[in-house]
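>
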Amino acid sequence: MRNLIIDIGNTRIKSALFQDQELVQELAFTDLEEAIPVWKTLELGHCLVSSVRWSKEELEKQLGFSFLFLDRLTPIPVKNGYGTPETLGLDRIAAAVGGWAMSQGKPVLVIDMGSCLTFEFVDGNGVYLGGAISPGLAMRAKAMNQFTARLPLVSLSEKPKKLMGDSTQTCMQSGIWYGVEFEIKGQIEAYRSEFPEIKVFVCGGDAQSFDSLAKDHIFVVPNLVLHGLNCILNHNVE
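Take 43 as the starting number for the sequence shown in our numbering and just add one per residue.
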């Protein structure tokens, strides 16, 4: 069964073609006018769309093919034990489902490195329980620049060459980067002390920059949200 997964964000449109659980092709676009002709050439069984930009009704007029629209009422393959499910972002639950699907029944911690750094936990019984949210790399840099008089806006395209900065800029870069790295390692250690069999997945736009974290039971899967969305689609069509 071939599935088309479409994830429409505020600035980019990500899509992926799956054969059952296997990702066959990944395609990214800047707008629907560019994407729709490509999608219509694909031989599909089912399609799921997650969108923060357009409603289901708006997309039905534009896409020209049938799809399942992801919203808070869409059945998912894990039990949602979150205290305020109406506030839970769909990208967060999709990432959690993606990690759960790959964990083979073990407790799973999914770390999504986007604008925010999010931690999502699903226990061994398949119950999503929540986690934590903190600022991501770029948000930390912007916060220091905007809320101080003299600190510059620094960029972080790669890991600082040394832990100890020797200028204001390199001290900021070290503080941001290693602050995130040590936070991730600390969270993993805390969860692992309570759930020794836990598996950890790191995903999101900054995930590949932290691929050095990958080791036993820690996996870097940048497109994990797409895998989670495909798992949700299969759950609904089976």
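Glycine residues also receive a C-beta, built at the ideal position from the N, C-alpha and C atoms.
These numbers come from a predicted model, not from an experiment.
Where does Asp-208 sit, in a helix, a strand or coil, going by DSSP?
In the structure shown, Asp-208 sits in coil (DSSP, three-state: anything other than H, G, I, E or B).
> State the start and end residues of the unbroken beta strand (DSSP E) segment that holds Gln-67.
Residues 64 to 71.
> I'd like the span of the alpha helix (DSSP H) that includes Val-185, first residue to last.
First, the residue type needs correcting, since residue 185 is Ala and not Val in the sequence shown. Looking at the DSSP string, the run of the alpha helix (DSSP H) that includes Ala-185 is 179 to 188.
> Is it true that the CB of Ala-136 sits closer than 8 Å to the CB of Ile-48?
No, these two residues do not count as a Cβ contact at 8 Å.
> Over what stretch of residues does the alpha helix (DSSP H) that includes Ile-78 continue unbroken?
First-last of the alpha helix (DSSP H) with Ile-78: 74 to 81.
> If you draw a straight line from the C-alpha of Gln-272 to the C-alpha of Glu-280, how long is it?
Looking at the sequence provided, one finds Asn at residue 272 rather than Gln. Approximately 12 Å between the Cα atoms of the pair.
> Write down the C-beta distance between Val-139 and Leu-112 rounded to the nearest angstrom, noting that I regard them as a contact closer than 8 Å.
Going by Cβ atoms, the distance from Val-139 to Leu-112 rounds to 11 Å, so no, they are not a contact pair.
> Could you spell out where the beta strand (DSSP E) holding Ile-260 opens and where it closes?
Note, Ile-260: beta strand (DSSP E), 260 to 262.
> From the DSSP output, read off the bridge partner residues of His-88.
Answer is Asn-45, bridged to His-88.
> Is the CB-CB distance between Leu-46 and Ser-57 below 8 Å?
Closer than 8 Å, so yes.
> Find out if the Cβ-Cβ distance for the pair Leu-179, Phe-163 is shorter than 8 Å.
The answer is no: Cβ separation not under 8 Å.
> My output table needs one value for Ser-254: the three-state DSSP class, helix, strand or coil.
Reduced to three states, the DSSP call for Ser-254 is helix.
> Leaving out five residues before and five after Ala-183 in sequence, what residues of the same chain have Cβ atoms less than 8 Å from its Cβ?
The answer, listed in chain order, is Leu-195, Val-196, Ser-197, Leu-198, Met-214, Ile-218.
> Determine the contact status of Glu-239 and Lys-148, defining contact as a CB-CB distance below 8 Å.
Closer than 8 Å, so yes.
> Hey, Gly-51 and Val-94 are a contact pair by Cβ (cut 8 Å); roughly how many whole angstroms apart?
Correct: roughly 6 Å between the Cβ atoms.
> Taking C-alpha atoms, which residue in Trp-96, Ser-108, Lys-204, Lys-98 lies nearest to Leu-86?
Answer by Cα proximity: Ser-108.
> Buried or exposed: Ala-249, going by 16 or more other Cβ atoms within 10 Å of its Cβ?
Classification of Ala-249: buried, given that the 10 Å Cβ count is 16 or more.
> Return the chain-ordered ranges of every beta strand (DSSP E) run that is complete within the segment 143 to 175 and spans a minimum of 3 residues.
For the segment 143 to 175, whole beta strand (DSSP E) runs of length 3 or above, ordered along the chain, are 150 to 155, 158 to 164.
> Measuring only the C-alpha atoms, how far is Lys-201 from Ile-226?
Rounded to whole angstroms, Lys-201 to Ile-226 spans 15 Å at the Cα level.
> For chain C, check one thing: does any of its Cβ atoms lie closer than 8 Å to the Cβ of Asn-167?
Among the chains of the structure shown, chain C does not appear; only one protein chain is present.
> For the alpha helix (DSSP H) containing Lys-98, list its first residue and its last residue.
Looking at the DSSP string, the run of the alpha helix (DSSP H) that includes Lys-98 is 98 to 105.
> Name the one or two DSSP bridge partners that Val-242 has.
BP columns for Val-242 point to Leu-151, Ile-260.
> Could you give the DSSP three-state label for Ile-118: helix, strand or coil?
In this structure, Ile-118 counts as coil in the three-state DSSP scheme.
> Indicate whether Gln-229 and Phe-161 have their beta-carbon atoms separated by less than 8 Å.
Contact flag set, yes.
> What is the DSSP secondary structure of Lys-56, reduced to helix, strand or coil?
Strand, per DSSP.
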